[in-house]
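Visitor: Once you've had a glance at the structure underneath, I'll fire off some questions.
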Amino acid sequence: MSFDPTVPYIGFPPPPMPEIGFEPIPVLPPRFPETVPEPEPEIIDSPPPIDWVPATRQTAYTLMSRAFVGGKEGWDSSPLWVIRAYIQDGLVPGKLAVKHGAAYVPLSGKEVPIQEFDVLCVEPGAAQWVSAKEDEIPDGAIPAGNTHVGEPLYIGRVKHRGSLTPGKVQPSHKKCYISFGGSEVGYKKYEILCEVF
Numbered sequence: 008m009s010f011d012p013t014v015p016y017i018g019f020p021p022p023p024m025p026e027i028g029f030e031p032i033p034v035l036p037p038r039f040p041e042t043v044p045e046p047e048p049e050i051i052d053s054p055p056p057i058d059w060v061p062a063t064r065q066t067a068y069t070l071m072s073r074a075f076v077g078g079k080e081g082w083d084s085s086p087l088w089v090i091r092a093y094i095q096d097g098l099v100p101g102k103l104a105v106k107h108g109a110a111y112v113p114l115s116g117k118e119v120p121i122q123e124f125d126v127l128c129v130e131p132g133a134a135q136w137v138s139a140k141e142d143e144i145p146d147g148a149i150p151a152g153n154t155h156v157g158e159p160l161y162i163g164r165v166k167h168r169g170s171l172t173p174g175k176v177q178p179s180h181k182k183c184y185i186s187f188g189g190s191e192v193g194y195k196k197y198e199i200l201c202e203v204f
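Position one of the sequence shown corresponds to residue 8 (the numbering used here), numbered consecutively onward.
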């Protein structure tokens, strides 16, 4: 008697099953999550504690939160920022009356107007004013430029006609020069800006 798969079979033992071709299921190796490399730490460039930032009379206001206030106008107490500018083969410190959009450096006996310059930016506590006179240059004095023959110039300030005005200290002249009222004015006693270590 042959087995007919369409007719139910009652009995024991069960009928032989037809042979069906099987392919063995491959055994895969266990999967582990891929290791994800840790991200590189983000390096945020912070500005140095004392820095010079290029600007013009029209763009300087963008540095309002960083610029170093070196003095004030006598007639309206508006701030004077410390700047420096390339002029006549030198790099000369001077002042920017940011409220009035006017920048000047003292040079060759005159107050010279400047259009493009670098603005001094200083982190709080990174610099301080130190009393000095003539050619005394204290430790930590911040070099801010040079004359056309390479003599270093520093940042100084003096009180003059009600203003507190930043300018340049020129050691060979034993003076701090400021620009004021169209002229270059020299003082033997002044304050000089020094880095705090």
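Glycine included, every Cβ here is placed at the ideal spot set by N, Cα and C.
These figures come from a predicted structure and were not determined experimentally.
Tell me the rounded alpha-carbon separation between A92 and G101.
Guide: Cα to Cα, A92 sits roughly 8 Å from G101.
Visitor: Per DSSP, which residues does Y93 bridge with? Please list them.
Guide: Answer is L98, bridged to Y93.
Visitor: Quick check: R164 and P178, are their CB atoms within less than 9 Å of each other?
Guide: It is not a contact, given that the beta carbons lie outside the stated cut-off.
Visitor: Tell me the residue span of the beta strand (DSSP E) that contains W59.
Guide: Residues 57 to 63.
Visitor: Identify which residue in V129, L127, V126, E118 has its Cα closest to the Cα of Y184.
Guide: For Y184, the nearest C-alpha among the options comes from E118.
Visitor: Can you list, in chain order, the residues of its chain with a C-beta nearer than 6 Å to that of V137? Leave out the 5 residues immediately preceding and following it.
Guide: Hits under 6 Å: P145, I199, C201.
Visitor: Please report the distance separating the alpha-carbon of I84 from that of K106.
Guide: Before going further, note that residue 84 is Ser rather than Ile in the sequence given. Whole-angstrom Cα-Cα distance: 10 Å.
Visitor: Count the CB pairs spanning the stretch 187 to 198 and the stretch 146 to 165 that are closer than 8 Å, and state whether there are at least three.
Guide: Contact holds: three or more Cβ-Cβ distances are below 8 Å.
Visitor: Would you mind sorting V89 into buried or exposed? The rule is 16 or more other CB atoms within 10 Å of its CB.
Guide: Answer is buried; the Cβ neighbour count reaches 16.
Visitor: Determine the extent of the beta strand (DSSP E) in which I199 is found, giving its start and end residues.
Guide: Here the beta strand (DSSP E) through I199 covers 196 to 202.
Visitor: Would you kindly check if the distance between the Cβ of R73 and the Cβ of A2 is under 9 Å?
Guide: Past the boundaries of the shown model lies residue 2; the chain is included only from 8 to 204, so the question cannot be answered.
Visitor: Identify, in the order they occur along the chain, each residue of the same chain with its Cβ nearer than 7 Å to the Cβ of K181, setting aside the five sequence neighbours on each side.
Guide: For K181, where only same-chain residues beyond five positions count, the Cβ hits under 7 Å are E141, D142, K195.
Visitor: May I ask you to list the residues that DSSP assigns as paired with R174?
Guide: Sequence check: residue 174 is Gly here, not Arg. In DSSP, G174 forms a bridge with G163.
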